[in-house]
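So the sequence shown is numbered by the numbering used here: it starts at 10 and just counts up by one.
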Amino acid sequence: MPKELARNFFVVSFPHYRTQIKSCKKVLIGFSNRVFKLTLLDGRAYKVRIADNNHLISRKNEQEVLKLLPDPNLIVYESSSGNAIYNWIEGKPLSSRQLTKDMLEKIVKLATNFHSIPVSKLKGIEEHNHFDTISKVEKEREEYSKFFPIYKELVEKYQDLPKFLTHNDISLKNLIYSEESDTLSLIDYEWARLNTIYWEYGNFARESNLSKAKIIALAKLVKLQEKILLDFVFIATFYSWQLSFSWDRSERLEKYRSKLSSQLTKYTSWRN
């Protein structure tokens, strides 16, 4: 069981804590990892990540990113599996209602930590591939015939935009906010890539389901061109739709895919 895997990984890493474990609770079961909160009898808590789908996630690339931008809470990283142990961050994932101008400024500041790494240091970082999972898509799907031509056109149109180190997965679940200390943390570097800043914020807008007005406000805040950012909201959404065909079919996955389809329809209407 995943919980036992997490517990055992922690004990192997810290055998002297074997008899001091109070609880090990599931926090998140994602498509690329399973996360647990392990608490000791003295109250200290840790995040234990059990990596999954390593055929899609480059753990070697993740390690290269960590060399450039160390995660201050990372304690153990098993290079062979991608399993990891972190100090637990107190707080909760952001909700969409918390996305005020002040909070957006905090998010931009965290993202800039990635974007400001000199390009000369990024030789070992993988470049984002817009078509890396397109071969797995069920081509008979209506969404493919309807949206893929637009996606291909836009990707080609913007292929020469400058590339930087991007987190590539800035989402509400990866933004942990502590009301007590008014601090925001950006977690999980596994999707980080060499990519355009427009994709970074387009994906964030898609993940957060921002309104068109909020996306335009975000563009002004980050000093990006509104039209290009709106196009990248569509690009990031179609990328996520095609990526979804890499996971095993499930009811949960179909609901997620349906949501993406609705978003694609909405974002297409914005282009008219």
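Just so you know, even glycine gets a beta-carbon here, dropped at the ideal spot from N, CA and C.
Listed in chain order, the non-local C-beta contacts of Asp240 below 6 Å within the same chain comprise Leu163, local neighbours out to five positions each way being set aside. With a cutoff of 9 Å on beta-carbon distance, Tyr186 and Lys118 are scored as not near each other. Ser41 sits in coil when the DSSP states are folded into three classes, being neither helix nor strand. Across the set Leu108, Arg43 and Glu149, the C-alpha of Arg43 shows the shortest separation from the C-alpha of Asn63.
Here Gly211 is buried. Its C-beta has 16 or more other C-beta atoms within 10 Å. Judged by DSSP in its simplified three-state form, Pro11 adopts helix. Residues of the same chain with a CB within less than 7 Å of the CB of His139, apart from the 5 flanking positions on each side, are Val164 and Tyr248 in chain order. With respect to the 9 Å criterion, Leu47 and Ala15 are classified as neighbours on the basis of their beta carbons.
Glu199 sits close to Arg68, with the two beta carbons spaced by under 9 Å. The Cβ atoms of Ile116 and Pro171 lie no closer than 9 Å to each other. By the neighbour-count criterion, in which a residue is buried when 16 or more other Cβ atoms sit within 10 angstroms of its Cβ, Val242 is buried. Lys148 sits in coil when the DSSP states are folded into three classes, being neither helix nor strand. Going by C-alpha positions, Leu227 is about 14 Å away from Glu216.
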